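My numbering numbers the first residue of the sequence shown as 83 and each following residue consecutively.
Positions of the beta carbon are idealized from the N, C-alpha and C atoms, including for glycine.
Bear in mind that the values here come from a model prediction, so they are computed numbers and not experimental data.
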Amino acid sequence: MFFHLNVLDFLERAEAVYPERIAVVDEPDQPGPSWGSLTYVEMARLDRALAASLDALGVPVGGRVAIVSHNAAHRHREDPEVQAPATLLAGS
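Set out below in structure tokens:
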């Protein structure tokens, strides 16, 4: 039996099965302070906060957003209240 899985399916499984394992290691040499490492539980919490902010701003499920950033974890996981408006502006 085959199931079509998306990125969210894999992240939810990793959070459930490996909650305290390291998911992301942020580079120490970058333009800005490093976040060090994040576990799957921490990454899921940040992802849900960003999703809730986008939902509150009216972005529909499956809607497109854009993020322009340096190759650093803290740029991909900005504070949702800062990231979400910037993301919406990028799409207008």
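Handout entry: Sequence ranges, beta strand (DSSP E) only - wholly within the stretch 94 to 127, length at least 3
Key = Taking 3 residues as the shortest admissible run, the stretch 94 to 127 contains the following complete beta strand (DSSP E) segments, listed from N- to C-terminal end: 104 to 107 and 119 to 121.
Handout entry: Status (buried if at least 16 other CB within 10 Å, exposed otherwise) for Ala-111
Key = For the record, residue 111 in the displayed sequence is Asp; it is not Ala. Flag for Asp-111 reads exposed.
Handout entry: Whole-angstrom distance between Glu-102 and Ser-116, CA atom to CA atom
Key = About 19 Å.
Problem - Exposed unless 16 or more other CB atoms sit within 10 angstroms - verdict on Asp-108 - result: Classification for Asp-108: buried.
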